[in-house]
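In the working numbering, the protein residues as written are 2 to 141.
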């Protein structure tokens, strides 16, 4: 599930890269979801479902949840904590893209998380302060 998908990032590119995987893109703003639906239709992405809803109202269960800086991690966690399948796969969990120093925010959340600096993988200046925070489902 891609929470707060906005214009479809990162959900739509992931759906293109992984056509065998089903993606559920959610956003609380209806006009954003309508655009995502139109893009998915135009690209013939049959593995995308886009829903106008809030994350905490979604009842389906997921192996992975992705999001881009929707809110502080502690608050976001309360929205999605019941949305995971309870598989014990170590790579399943939350992948959260944010920028800046996240040490205090992760500590505030009480979650066990790993940070990956995107600048280790991409040389463009945009990625200099960007990180992916990974929280394994087994710790949520």
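From the three backbone atoms N, C-alpha and C, an ideal C-beta is built for every residue, glycine too.
Small disclaimer: the values here were computed from a predicted structure and weren't measured.
Locate the beta strand (DSSP E) running through residue 94, then write down its first and last residues. Taking the chain shown and counting its residues from 1, one reaches residue 94 at position 93. Its beta strand (DSSP E) spans residues 94-100.
Residue closest to residue 5, alpha-carbon to alpha-carbon, out of 39, 44, 19, 51: Translated into the one-based positions of the chain shown, residue 5 becomes position 4. Here the closest residue by C-alpha is 51.
Beta bridge counterpart(s) of residue 25 as assigned by DSSP: Numbered from its first residue, the chain shown carries residue 25 at position 24. Residue 25 is bridged to 50.
Do residue 134 and residue 114 have their C-beta atoms closer together than 8 Å? One-based indexing of the chain shown puts residue 134 at position 133. One-based indexing of the chain shown puts residue 114 at position 113. It is a contact, given that the beta carbons lie within the stated cut-off.
With distances taken from CA atoms, which of 64, 40, 130 is nearest residue 100? As a first step, residue 100 must be located in the chain shown, where it is residue number 99. Here the closest residue by C-alpha is 130.
Looking at the unbroken alpha helix (DSSP H) that takes in residue 38, where does it start and where does it end? Here the question's residue 38 lines up with position 37 in the chain shown. Residue 38 -> alpha helix (DSSP H) spans 31-43.
Name the residue from 116, 2, 86 whose alpha carbon lies nearest to the alpha carbon of residue 27. Reading the chain shown from its first residue, position 26 is the one you call residue 27. Answer by Cα proximity: 2.
Just curious, the beta strand (DSSP E) that residue 135 is in, first and last residue? Locating residue 135 in the chain shown gives position 134, where the first residue counts as 1. Unbroken beta strand (DSSP E) run through residue 135: 131-137.
Check residue 83 in the structure and name its three-state DSSP category. On the chain shown, position 82 is the one that residue 83 refers to. Reduced to three states, the DSSP call for residue 83 is coil.
For residue 22, count neighbouring C-beta atoms within 10 Å of its own C-beta (all shown protein chains included) and say buried if the count is 16 or more, exposed if not. One-based indexing of the chain shown puts residue 22 at position 21. Per the 10 Å Cβ criterion, exposed.
Identify every residue that forms a DSSP beta bridge with residue 118. Taking the first residue of the chain shown as 1, we reach residue 118 at position 117. Its beta-bridge partners are 132.
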